[in-house]
Amino acid sequence: MDGPSGLGSASLVAQRSMAGYGPDMETTDMDREDQTTHFGFRDVPVADKQTLVNDVFRSVARRYDLMNDLMSAGLHRVWKDAMMTALNPPRNDTPFLLLDVAGGTGDIAFRAAKAAGRGFRATVCDINPDMLAVGRERAIKQHLDDRVSFVEGNAETLGFADRSFDAYTIAFGIRNVPRIDAALREAFRVLKPGSRFLCLEFSTVDVPGLDKIYDLFSFKVIPPLGRAVTGDADSYRYLVESIRKFPKPNAFADMIRDAGFARVTWQALSGGIVALHSGWRL
30 MDGPSGLGSA
40 SLVAQRSMAG
50 YGPDMETTDM
60 DREDQTTHFG
70 FRDVPVADKQ
80 TLVNDVFRSV
90 ARRYDLMNDL
100 MSAGLHRVWK
110 DAMMTALNPP
120 RNDTPFLLLD
130 VAGGTGDIAF
140 RAAKAAGRGF
150 RATVCDINPD
160 MLAVGRERAI
170 KQHLDDRVSF
180 VEGNAETLGF
190 ADRSFDAYTI
200 AFGIRNVPRI
210 DAALREAFRV
220 LKPGSRFLCL
230 EFSTVDVPGL
240 DKIYDLFSFK
250 VIPPLGRAVT
260 GDADSYRYLV
270 ESIRKFPKPN
280 AFADMIRDAG
290 FARVTWQALS
300 GGIVALHSGW
310 RL
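To convert, take the position in the sequence shown, counting from 1, and add 29; that gives our numbering.
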C-alpha cells in the first residue's frame, strides 16, 4: 500500500482492504476443495490457480512489456488505443477516478493519465508484487507517480468501498482470474452508478485462414520467443493456452450481464484476435 499520497479517495479506500469491503465470504460451491478450473489446458483445483498464475507473472515481469511488443508486432498499442477511445477520460479538471485491475506494469493507467485532464487519478490493482514493482518504477520515470498509485489486491475481493470509481478497466488479465464471475461482480460493486466497465481480452479469430496462421504463430513461435527473451517458454505456453480456454465473446458478454451490467457490447479487433467488451452500471 505504498502508492504516493494525495491521490484522492481511491488511494484512501485502497488502504482499507481489511475494513469489511469486498464480497460476502460465505462458502459457495466455487469454494469447495473438489472444484476445478483450467490453467491453460490443464485442470487444476480452483484454490491452486492463483498461485500458478502468480508464478507465471513473477517469472516474466521484467520483460512483460517487451514481450507484448514482440508477440503482437506492436498491435497491442492499437488495441489499447481503442480502449482509451472508449474510456474517453475528461480532459478538464473534472475529478475522475479510474481503477485498472490486473494492470501491474501500468500501461493502461499511464495511457489514460496522459489523455486526461488534471482531475484524473488512477489506482492500479494487481495481485502480483513483481509486476507492481515494475509499474511503480515506470510511473516515476514518466513523472506520473502523483496521478497513478499501485495497490496489491485480488480482483475477486477488491479492498475498495462500494461505488468508489468512475471507470474500471482490465486488459489481458481477466482470463487469468480463477473465478471470473466473482471478479465481474466486484467490478460492478466498486463502480459508481453511470460508470463504465471496459475489458480488453484475447478472443476468437473469425477470419478464415487467419485462424490457422494465428494458431501456428501462437503455439510454434510465442513459447520459443518467450524462452529467448525471458528465459521462460512454459509461462508463454500457458498464456497461449489460456486464450483458447477463455469464453467466446457472446458467452463472456452474458457473464458481464449476469454481474449486473447493462448496455453490454463487444467489438472484435484485428479479425477477432482481441475483443473490447463494455458494460455500464446504471
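Don't be surprised by glycine CBs; every beta carbon is placed ideally from N, CA and C.
As DSSP reads the structure, Y197 sits in a beta bridge with L128 and F226. With respect to the C-alpha of W108, the residue from F281, F275, G301 and V293 having the closest C-alpha is G301. In the DSSP assignment, D122 falls outside any alpha helix (DSSP H) and carries neither an H nor an E.
Between R167 and F149, the C-beta spacing is not below 8 Å. Linking T198 to V130 through their CA atoms gives a straight-line distance of about 6 Å. Judged by DSSP secondary structure, G164 falls within the alpha helix (DSSP H) whose first and last residues are P158 to K170.
In this structure, the alpha-carbon of M160 lies about 15 Å from that of S264.
Excluding residues up to 5 positions away in sequence, V75, K78 and P207 lie with their Cβ nearer than 6 Å to the Cβ of T66 in the same chain.
Looking at the DSSP output, G308 bridges to F226. Between the beta-carbon of E230 and that of V303 there is about 7 Å, and that keeps the pair under the 8 Å contact cut. DSSP, read as helix, strand or coil, puts T134 in coil. If the five residues before and after G308 are omitted, its C-beta is found closer than 6 Å to the C-beta atoms of F226, I285, F290 and V293, all from its own chain and listed in chain order. C228 and F201 have their C-alpha atoms roughly 8 Å apart.
F194 is the residue among F194, M113, G135 and I169 whose C-alpha sits nearest the C-alpha of F125. The alpha-carbon of A212 is positioned some 24 Å away from that of N97. Counting only residues of its own chain and dropping the five nearest sequence neighbours on each side, T233 has a CB closer than 6 Å to the CB of K277 and G301.
Within its own chain, the residues whose Cβ lies closer than 6 Å to the Cβ of L128, once the five positions on either side in sequence are excluded, are T152, F194 and Y197, listed in chain order. In terms of CA proximity to D84, L268 leads the group N117, L187 and L268. Looking at C154, L220 and N121, the one whose alpha-carbon comes closest to that of K143 is N121. Nearest C-alpha to G260 among K221, S178, A90 and R140: A90. Per the DSSP secondary-structure output, F248 pairs with nothing in a beta bridge.
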